[in-house]
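Take 932 as the starting number for the sequence shown in the working numbering and just add one per residue. Note that the Cβ used here is the ideal one computed from N, Cα and C, for glycine as well. Data first, discussion second: the structure below is written as structure tokens.
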Amino acid sequence: FVFILACLTDLFDGYLAHKNNETSALGAALDPVADKLFSIWILYALAAPTWLILLMISRDLWVTTLRTLWKSDVATSVIAKWKTALLFVFVLATILLRMYAPEVTPWNVSAWHYINFTTIMTVLVIYTGTHYTFLTFRK
């Protein structure tokens, strides 16, 4: 329940900020950081592969470095937003599976969603990080 509430409040907060044109530099900087910390904590709690968590942290640190040192003003891409949405869907599916089918684990063949998720997330994390890099240095 807490996970769903956190996702909904994040969506609602972003919607209201953009609808009412009440965005700020601080909010733009802190919102992605809060999303990432939340995502990484959830992945860790659900026993996601360490390499995937480290890949996501590395990508986020790189993008933050680009934004800070190179003063990149590249907006978050639609694919990056889909990546975050996919992460939340995976987490919700994993929570529901663990509640209603505890015999399904990440190491169990029947947990196909887990394998698919790690593959798709790896591709999206690498793609969005590379895409952001190209857009930053293209200017």
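Comparing C-alpha distances from D966 to each of A979, F934, I1057, L1066 shows the shortest one belongs to F934.
In this structure I1010 touches Y1058 by the C-beta definition: roughly 7 Å separates them, less than 8 Å. Scanning its chain for C-beta atoms nearer than 6 Å, with the 5 sequence neighbours on each side dropped, one finds no residue around M1030. Rounded to whole angstroms, the separation of the alpha carbons of T1067 and T940 is 30 Å.
Just so you know, the alpha carbons of R1069 and Y1063 end up roughly 10 Å apart. For V1005, no alpha helix (DSSP H) run applies, since DSSP gives it neither H nor E.
Setting aside the 5 residues that flank it on each side, L947 has no residue in the same chain whose C-beta is closer than 7 Å to its C-beta. The criterion of a C-beta distance shorter than 9 Å is not satisfied by S1003 and M987. Secondary structure of T981 (DSSP, three-state): helix. A Cβ-Cβ separation of about 6 Å places G1060 in contact with V994 under the 8 Å criterion.
Taking each of V1056, E953, K950, T954 in turn and checking the Cα distance to S1008, the smallest one comes out for V1056.
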